[in-house]
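Down below is the structure, laid out as structure tokens.
Numbering (my numbering), first residue to last: 10 to 188.
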């Protein structure tokens with residue numbers, strides 16, 4: 010019986026794969042039998058995480074037809090890459106968003122990487138009637154669909170105070186009010 014011991018340092022690729030597969034093969038040059046083989050797969054313990062932050066450049070809106078500009082940042086705070094994140098916005102389709110920050114262009118949110126999405130929304134009569142625009146973004150990874158992240162921004166409708174009546178004569182004499 011021979012026993013060999015050695016160490017292996019895991020890599021980011023091992024974490025992203027979800028395990029380390031160790032395959033061993035042993036044979037004797039004096040034995041005509043095929044080599045003896047075995048393997049052991051050790052699952053990775055991964056911590057997934059995303060931080061999603063949404064902001065609006067406008068603090069409020071007044072009427073239908075106004076443009077609200079949004080910025081969403083998505084940061085991978087875990088220790089494993091998140092493949093092809095699914096980005097769902099309650100008001101705007103992903104195809105209408107501009108993405109920056111995918112440094113290698115692979116569509117994978119790498120560890121520590123931050124993506125920024127920018128896009129616009131035009132207010133509607135329904136928004137005016139509701140008195141606000143409520144916009145939610147939800148991001149999930151197909152690799153870890155049970156750990157989505159989201160953020161919501163509420164932009165209220167701005168109401169102007171009623172105008173003051175035109176300037177006129179002010180009197181303290183009640184009799185003059187009825188002239």
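Where a beta carbon is used, it is the ideal one built from N, C-alpha and C, also for glycine.
Point to revise | residue 226 versus residue 51: straight-line alpha-carbon distance, rounded | key: The structure shown does not extend to residue 226, since the chain is modelled only from 10 through 188, so no value can be given for it.
Practice item. With DSSP as the reference, please indicate the residues paired to residue 59 in a beta bridge. Key: Per DSSP, the beta-bridge partners of residue 59 are 85.
Check your understanding: Any idea if residue 113 is buried or exposed, counting beta-carbon neighbours within 10 angstroms, 16 or more meaning buried?
Key -> Residue 113 should be labelled exposed.
Point to revise | At least three beta-carbon pairs within less than 8 Å, the segment 30-41 to the segment 87-101 | key: The segment 30-41 vs the segment 87-101: no contact.
Check your understanding: CB of residue 38 to nearest heavy atom of the ligand ZN: below 7 Å?
Key -> Ligands displayed in this structure: none; no statement on the ligand ZN is therefore possible.
Review point. Would the beta-carbon of residue 118 fall within 8 Å of that of residue 94?
Key: Yes, they are a contact pair.
Practice item. Keeping to the same chain, check which residues put their C-beta closer than 6 Å to that of residue 60; ignore five residues upstream and five downstream. Key: Excluding positions up to five away in sequence, the list reads 84, 86.
Check your understanding: By how many angstroms is the C-alpha of residue 111 removed from the C-alpha of residue 123?
Key -> Near 8 Å, if we compare the C-alpha coordinates of residue 111 and residue 123.
**Study point:** Best match in 169, 149, 167 for proximity to residue 160 [C-alpha to C-alpha]
**Key:** Residue 160 has its Cα closest to that of 149, out of 169, 149, 167.
Practice item. Work out the CA separation of residue 125 and residue 163 for me, nearest whole Å. Key: Residue 163 and residue 125: Cα-Cα distance of roughly 19 Å.
**Study point:** Distance, residue 19 Cα to residue 147 Cα
**Key:** Between residue 147 and residue 19, the C-alpha separation is close to 32 Å.
Review point. Among 25, 66, 166, which residue has its Cα nearest to the Cα of residue 204?
Key: There is no way to answer for residue 204, as the model of the chain reaches only from 10 to 188.
Practice item. Can you give me the start and stop residues for the alpha helix (DSSP H) that residue 5 sits inside? Key: Residue 5 lies beyond the range of the chain shown here (10 to 188); nothing can be said about it.
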